[in-house]
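Enquirer: Quick one: the structure is below, and I'll ask about it shortly.
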């Protein structure tokens with residue numbers, strides 16, 4: 062039986078395989094906690110440094126991730142949906158992939174693990 066998850070990019074599938082193997086190659090030098098993604102480690106390290114790189118353009122409040130900023134942004138817009146494009150550090154490549162995926166919904170890289 063396969064797990065059935067599918068991904069837009071091959072690298073996402075490779076990272077997903079680590080959930081089956083338990084591999085966590087990215088280790089925090091501060092506390093020793095390990096992660097399967099470099100980005101997750103970087104975000105974790107901000108808990109040690111206090112860095113909050115996602116800044117609200119309306120009021121100047123800062124957040125540790127884009128999701129928290131998007132939720133906060135609802136205060137200013139009065140809307141009930143997330144506006145990821147308001148994130149100062151949003152990746153243009155990620156936005157493009159989200160746009161393409163939104164149009165095609167194609168996820169050609171399928172996990173065959175169980």
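Numbering (our numbering), first residue to last: 62 to 175.
Yeah, the Cβ is synthetic: ideal placement off N, Cα and C, and Gly gets one too.
All values reported here derive from a predicted model rather than from experimental measurement.
Name the DSSP bridge partner or partners of residue 95?
Expert: On the chain shown, position 34 is the one that residue 95 refers to. Paired residue(s): 88.
Enquirer: Tell me whether the stretch 81-93 and the stretch 103-115 touch, counting them as touching only if at least three CB pairs, one residue from each stretch, are closer than 8 Å.
Expert: yes
Enquirer: To the nearest angstrom, how far is the alpha carbon of residue 145 from that of residue 129?
Expert: The sequence position of residue 145 within the chain shown is 84, counting from 1. The sequence position of residue 129 within the chain shown is 68, counting from 1. Confidence at residue 145 is low in this model, with a pLDDT of 45, below 50, so its placement is unreliable and the value that follows should be read with caution. Rounded to whole angstroms, residue 145 to residue 129 spans 10 Å at the Cα level.
Enquirer: Just to check my reading of the structure: residue 52 and residue 113 have Cβ atoms closer than 8 Å, yes? What is that Cβ distance to the nearest angstrom?
Expert: In the structure as shown, the chain starts at 62 and stops at 175, and residue 52 therefore has no counterpart that could be examined.
Enquirer: Let me confirm a value: residue 62 is counted as buried when at least 16 other C-beta atoms fall within 10 Å, else exposed. Which label applies?
Expert: Position 1 of the chain shown, counting from 1, holds the residue named residue 62. The predicted model places residue 62 with a pLDDT of 48, which falls under 50 and marks its position as unreliable, so this point remains unresolved.
Enquirer: From residue 249 to residue 84, what distance separates their C-alpha atoms?
Expert: The requested residue 249 does not occur in the structure, where the chain is confined to residues 62 to 175.
Enquirer: Return the first residue and the last residue of the alpha helix (DSSP H) that residue 73 is part of.
Expert: Here residue 73 refers to the residue found at position 12 when the chain shown is read from its first residue. Segment 71-82, the alpha helix (DSSP H) holding residue 73.
Enquirer: Taking DSSP as the reference, what is the three-state secondary structure of residue 168?
Expert: As a position in the chain shown, residue 168 is number 107, starting the count at 1. Three-state result, residue 168: coil.
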